[in-house]
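In the order they appear, the protein sequences are chains A and B. In terms of our numbering, the first sequence is residues 135 to 399. In terms of our numbering, the second sequence is residues 2 to 232. Quick reminder that beta carbons are idealized off the backbone N, C-alpha and C, glycines included. Contents: one structure, followed by commentary.
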Amino acid sequence: MLVKLLGYELYKKWKMSRYILGGFIVLQVILLIVTSVFLGTDATKMITEIGNNGQNGSFTFGVITILYFVFAAGVFSFPFIETINRFEKDLSGKQAVLELMIPIISWKKILAKLIVAVVTTVVFQMIAAFSVLAYILVNSDFNKKILDSIVDIVQTLMATPVKSLFATLSFLFFLASLYMLIMFCIAFSKSISHKNRIAVPIGIGMFIACFALAIVAVIQIGRFPIVEFGLFGIERSLSEMIFNLLAFILPFLGASYLMEKRIEN
Amino acid sequence: MKLLEVESVGKKYFKKQVLSGVDLVIEQGKIVGLLGPNGSGKTTFLKILAGLIRPTAGRVEICQNEISYKTKELVAYLPDSDFLYSWMTIKEAKAVYIRFYGDFNIQRFDELLDFMKLTGDMKVNSLSKGMKEKLALSLTLARDAKLIILDEPLNGVDPVAREQILVAILKAFRLESSMLITSHLINEVESILDEVYFLKEGQVELYGNAEDLRTEKKMTLDEIYREVFAC
Numbered sequence: 135m136l137v138k139l140l141g142y143e144l145y146k147k148w149k150m151s152r153y154i155l156g157g158f159i160v161l162q163v164i165l166l167i168v169t170s171v172f173l174g175t176d177a178t179k180m181i182t183e184i185g186n187n188g189q190n191g192s193f194t195f196g197v198i199t200i201l202y203f204v205f206a207a208g209v210f211s212f213p214f215i216e217t218i219n220r221f222e223k224d225l226s227g228k229q230a231v232l233e234l235m236i237p238i239i240s241w242k243k244i245l246a247k248l249i250v251a252v253v254t255t256v257v258f259q260m261i262a263a264f265s266v267l268a269y270i271l272v273n274s275d276f277n278k279k280i281l282d283s284i285v286d287i288v289q290t291l292m293a294t295p296v297k298s299l300f301a302t303l304s305f306l307f308f309l310a311s312l313y314m315l316i317m318f319c320i321a322f323s324k325s326i327s328h329k330n331r332i333a334v335p336i337g338i339g340m341f342i343a344c345f346a347l348a349i350v351a352v353i354q355i356g357r358f359p360i361v362e363f364g365l366f367g368i369e370r371s372l373s374e375m376i377f378n379l380l381a382f383i384l385p386f387l388g389a390s391y392l393m394e395k396r397i398e399n
Numbered sequence: 002m003k004l005l006e007v008e009s010v011g012k013k014y015f016k017k018q019v020l021s022g023v024d025l026v027i028e029q030g031k032i033v034g035l036l037g038p039n040g041s042g043k044t045t046f047l048k049i050l051a052g053l054i055r056p057t058a059g060r061v062e063i064c065q066n067e068i069s070y071k072t073k074e075l076v077a078y079l080p081d082s083d084f085l086y087s088w089m090t091i092k093e094a095k096a097v098y099i100r101f102y103g104d105f106n107i108q109r110f111d112e113l114l115d116f117m118k119l120t121g122d123m124k125v126n127s128l129s130k131g132m133k134e135k136l137a138l139s140l141t142l143a144r145d146a147k148l149i150i151l152d153e154p155l156n157g158v159d160p161v162a163r164e165q166i167l168v169a170i171l172k173a174f175r176l177e178s179s180m181l182i183t184s185h186l187i188n189e190v191e192s193i194l195d196e197v198y199f200l201k202e203g204q205v206e207l208y209g210n211a212e213d214l215r216t217e218k219k220m221t222l223d224e225i226y227r228e229v230f231a232c
């Protein structure tokens, strides 16, 4: 059933974000063509020679660059906004009946939503990062210095594959924990009221309170670590790892419980 | 065989008592009407059976199972409002039901679609209110669920479509299941009901076999409704 839910969630995500993604790619390509074809040399100089002002087309290039980066930032943040909005609607929007009537236990529904949210976020962030990279590379006329720095970064990552993998997994786990906390806060607010003027402040307040609590806990754990050890060149402690696990598991269990037993539609 | 057993069910929202001491039993193979004016608690009661709302008092059992995510497999519920995504085509809505409901009868759904004059490539956001109602009803009736719950299936549809919907309900009804219908249009649904429950301010005011009530009171259900609710 989890596989069926994953397929369903991915399909929904694709249906809801395909136009945004398509529109972004088309816009980025147009802006890239405009800068590289029409502003060619000026653009290259602006990127490779820092402080180069007063060139022909520099104003146009500046505007296009800002636009390009604004769109990239939009794509970068779109999955966050879409996931939060979708989860809120799945619990209390028009389609909530369709979602809540699915005869599958709530923790599986939440897990499927979470996996799809993390995957989409990573994909969108990679697309945004690659588009920015492409912009810099094309407009710098594939400047050797820039290319070398990219190669250096890739080589460093490849030289320590386990550390890189560990760092990637840690990032994904952090992302999942963040989403889980947001989902828990939404579920909590929706278990109290479906009215947005009541639910939204409760949800935001809950998130700020939980986040502040987590920061205080992280600081305290850092000050008084229990069982310290090195893991892939990074200093870790058992208390920190237990806290990270709890920071994921507690909101996950809480959101699943609320969805199963408390949220009504 | 008792398919649904409801005992002293109550629902309270803060200080507002929406349902109170509702008892109801539905035997297999029956079509039961839950009749009452707006605000009488009909939709709340149906949502409790569908597992979307939890009662604050009493006990509900569907095929001897207490309400949980598992009973959602036994219940096909038609809500009184749109619930499909606007980006969906009818084919995609059908795919969702096939994916999650093992009892979804594809052949029956296709027959119902034909009967309702709908096609798979139509998009939900291009359908009229009546067509949306027909699609939602087709999806619900295509399930071989034990208990079929229809909340105002005739709401917002023209008289011709109402007739079509009633025919579809009777065509799709199976004796292994039971059906619970709410409606304001008593005249329209009267002919298909085996039993009726009149719900007034969250309480069962009157109930019984439809034919027995008509004989006993020498009135149609519509007239009994007007008498019970003094309108």
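Reduced DSSP secondary structure (H/G/I, E/B, other) of Arg55/B: Assigned with DSSP and collapsed to three states, Arg55/B falls in coil, not helix or strand.
Spatial neighbours of Val33/B in its chain, beta-carbon cut-off 6 Å, leaving aside the 5 residues before and after: Within the same chain, Cβ atoms closer than 6 Å to the Cβ of Val33/B are found at Ile27, Leu181 and Glu196, the five residues on either side in sequence being excluded.
Three-way DSSP call (helix, strand, coil) for Ser371/A in this model: Of the three classes helix, strand and coil, the one that applies to Ser371/A here is strand, per DSSP.
Spatial distance of Glu394/A from Tyr70/B (CA atoms): Rounded to the nearest angstrom, the two C-alpha atoms are 8 Å apart.
Beta strand (DSSP E) runs contained entirely in the region 75-116 of chain B, provided each spans 3 or more residues: Listed in chain order, they are 76-79.
Validate contact between the region 260-270 of chain A and the region 106-124 of chain B using beta carbons, cut 8 Å, 3 pairs: These segments do not touch.
Cross-chain neighbours of Ser184/B in chain A, by beta carbon under 9 Å: Residues of chain A with a Cβ closer than 9 Å to the Cβ of Ser184/B do not exist, since the nearest Cβ in that chain sits about 19 Å away.
Cβ shell of Gly188/A (< 8 Å), same chain only, five flanking positions each side left out: Only weak support is given to the placement of Gly188/A: the predicted model assigns it a pLDDT of 49, under 50, and the value that follows is read from those uncertain coordinates. Within the same chain, Gly188/A has no close Cβ partners at all.
Given Leu108/A as reference, the closest of Phe158/A, Leu248/A and Glu222/A once Cα atoms are compared: Residue numbering for chain A in the displayed model covers 135 to 399; residue 108/A lies beyond these limits and cannot be assessed.
Cross-chain neighbours of Ile54/B in chain A, by beta carbon under 8 Å: Ordered by position in chain A, the residues that pass the 8 Å Cβ test against Ile54/B are Glu398 and Asn399.
Reduced DSSP secondary structure (H/G/I, E/B, other) of Phe358/A: Coil, per DSSP.
Reduced DSSP category for Phe363/A - H, G, I as helix; E, B as strand; rest coil: If DSSP states are grouped into helix, strand and coil, Phe363/A belongs with the strands.
Within-8 Å CB hit, Lys172/B to chain A: Lys172/B does not count as touching chain A.
Contact belief for Cys64/B with Leu20/B at Cβ below 8 Å, rounded distance in angstroms: Taking C-beta atoms under 8 Å as the contact rule, Cys64/B and Leu20/B fail to qualify, at a distance of about 22 Å.
Of the residues Val205/B, Tyr226/B and Glu217/B, the one placed nearest Val7/B, counting alpha carbons only: Of the listed residues, the one whose Cα sits closest to Val7/B is Val205/B.
Ala143/B at chain A interface by Cβ criterion, 8 Å: False, the Cβ-Cβ gap to chain A never drops below 8 Å.
Environment of Lys16/B [buried if 16+ CB atoms lie within 10 Å]: Burial call: exposed.
DSSP-derived helix/strand/coil call for Phe15/B: In the structure shown, Phe15/B adopts coil according to DSSP, grouped into three states.
Proximity winner among Ala346/A, Leu347/A, Glu374/A and Cys344/A, relative to Phe358/A (alpha-carbon distances): Ranking Ala346/A, Leu347/A, Glu374/A and Cys344/A by Cα distance to Phe358/A puts Glu374/A first.
Backbone secondary structure at Asp286/A - three-state DSSP: Looking at Asp286/A - three-state DSSP - the assignment turns out to be helix.
Chain A contact residues for Phe101/B, given Cβ-Cβ distances below 8 Å: What Phe101/B touches in chain A: Lys138, Tyr142, Ile236, Pro237 and Ile238.
Where Ala268/A falls, given that 16 or more other Cβ within 10 Å makes a residue buried: Exposed, by the Cβ-count rule.
Assigned secondary structure, Asp24/B (DSSP; H/G/I helix, E/B strand, else coil): In this structure, Asp24/B counts as strand in the three-state DSSP scheme.
Proximity test, Cβ basis, 8 Å: Asp223/B and chain A: No, its Cβ sits nowhere closer than 8 Å to a Cβ of chain A.
Asn219/A, DSSP secondary structure in three states: Three-state result, Asn219/A: helix.
Cross-strand partners of Ile32/B (DSSP beta bridge): Looking at the DSSP assignment, Ile32/B forms a beta bridge with Met180/B.
Cutoff 8 Å: Asp122/B Cβ touching any chain A Cβ: Contact of Asp122/B with chain A is not assigned, every C-beta pair being separated by 8 Å or more.
Neighbouring residues, chain B, relative to Leu232/A (Cβ below 8 Å): Ordered by position in chain B, the residues that pass the 8 Å Cβ test against Leu232/A are Phe84, Leu85, Tyr86 and Val97.
Contact with chain B by Lys228/A, beta-carbon distance below 8 Å: Closer than 8 Å: yes.
Alpha-carbon spacing of Phe174/B relative to Leu142/B, whole angstroms: Rounded to whole angstroms, the separation of the alpha carbons of Leu142/B and Phe174/B is 8 Å.
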